[in-house]
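Student: In this note's numbering, the protein residues as written are -19 to 212.
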């Protein structure tokens, strides 16, 4: 789930607005490696070594003027050097590499997949920070976005902390008719990680939602981008 807010544009003719993603969340590289390790069977150390060597080769070939084509897209250097005086000649003696940046032109197939799998949610108040769920993993079987009643579910995200005794807050399983069940067993409740048992529910698809309550009593909610499957 990507949260988007509209902002008024203060320049140009007429009243216009533009959309911008808000409440961005950083996902640690170690978490990505852990996921990839479980899905591929490769060790985290081996994959980190591959990434480290890839970065070393970027640093080797990009400064030589090469472009590097990868499944992510094409890497190249971007050089933006403003001319001190319009029309002035700039030679190698006074041009700086300070503005050199790495450019990635995303692979079209990857970009099309991202567009197809992205879900947008418009947020009315840009200043509001909402809970965000990034993934749900059952700790026993290692499955993602699925589990059986009684299994411990490991949730990762941001701004997830709440008081377990506050019934307005918590982790809720919501079926397609809107019926909701609050999970009541928590072994860990933190800002970025929650461990909770999957409640006793009928097999099927559910929305997984985390709700928190502010000091002013306002309830804020964030959902997992994909549905959660309760298995029989």
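All residues carry an ideal CB built from backbone N, CA and C; glycine is no exception.
(1) Whose C-beta lies closer than 7 Å to the C-beta of residue 178 among residues of the same chain, with five residues either side of it excluded?
(2) For residue 140, count neighbouring Cβ atoms within 10 angstroms of its own Cβ and tell me buried if that reaches 16, exposed if not.
(3) Please say whether residue -2 and residue 9 have beta carbons closer to each other than 9 Å?
(4) Which same chain residues end up closer than 8 Å to residue 172 when comparing Cβ atoms and leaving out the 5 residues on each side of it in sequence?
(5) With the cut-off set at 9 Å, would you say residue 87 and residue 123 are in Cβ contact?
(6) Roughly how many angstroms separate the alpha carbons of residue 290 and residue 55, rounded to a whole number?
(7) Give me the Cα-Cα distance between residue 157 and residue 168, rounded to the nearest whole angstrom.
(8) Between the beta-carbon of residue -18 and the beta-carbon of residue 101, is there less than 9 Å?
(9) Measuring alpha carbon to alpha carbon, tell me which of 29, 182, 195, 82 ends up nearest residue 44.
(10) Looking at the secondary structure, which residues open and close the alpha helix (DSSP H) in which residue 96 lies?
(11) Residue 76 to residue 93, Cα distance in whole Å?
(12) Should residue 80 be labelled buried (16 or more other beta-carbon atoms within 10 Å of its own) or exposed?
(13) Taking the C-alpha atoms as reference points, what is the distance between residue 19 and residue 109?
Tutor: The answer reads as follows:
(1) Counted from its first residue, the chain shown places residue 178 at position 198. Here the set comprises 127, 128, 129, 130, 131, 133, 210.
(2) In the chain shown, the residue the question calls residue 140 occupies position 160. Residue 140 comes out buried.
(3) Stepping through the chain shown from its first residue, residue 9 is reached at position 29. Stepping through the chain shown from its first residue, residue -2 is reached at position 18. It is not a contact, given that the beta carbons lie outside the stated cut-off.
(4) Sequence index remark: in the chain shown, residue 172 carries index 192 (1-based). Closer than 8 Å at the Cβ level, and outside the excluded window around residue 172, lie 136, 137, 138, 140.
(5) Counting from one through the chain shown, the residue named residue 87 turns up at place 107. Counting from one through the chain shown, the residue named residue 123 turns up at place 143. No, they are not a contact pair.
(6) Because the chain in this structure spans residues -19 to 212, residue 290 falls outside the shown range and cannot be described.
(7) Here residue 157 refers to the residue found at position 177 when the chain shown is read from its first residue. Here residue 168 refers to the residue found at position 188 when the chain shown is read from its first residue. Cα to Cα, the separation comes out at about 29 Å.
(8) Within the chain shown, numbered from 1, the residue matching residue -18 stands at position 2. Within the chain shown, numbered from 1, the residue matching residue 101 stands at position 121. Yes, they are a contact pair.
(9) Translated into the one-based positions of the chain shown, residue 44 becomes position 64. When only C-alpha atoms are compared, the closest one is 82.
(10) Locating residue 96 in the chain shown gives position 116, where the first residue counts as 1. From DSSP, the alpha helix (DSSP H) with residue 96 extends over 88 to 97.
(11) Start at 1 with the first residue of the chain shown, and residue 76 comes out as number 96. Start at 1 with the first residue of the chain shown, and residue 93 comes out as number 113. Spanning the two alpha carbons is a distance of roughly 38 Å.
(12) Counted from its first residue, the chain shown places residue 80 at position 100. Taking every protein chain shown into account, the CB of residue 80 has fewer than 16 other CB atoms within 10 angstroms, so this residue is exposed.
(13) As a working mapping, residue 19 is identified with position 39 in the chain shown. As a working mapping, residue 109 is identified with position 129 in the chain shown. C-alpha of residue 19 to C-alpha of residue 109: approximately 32 Å in a straight line.
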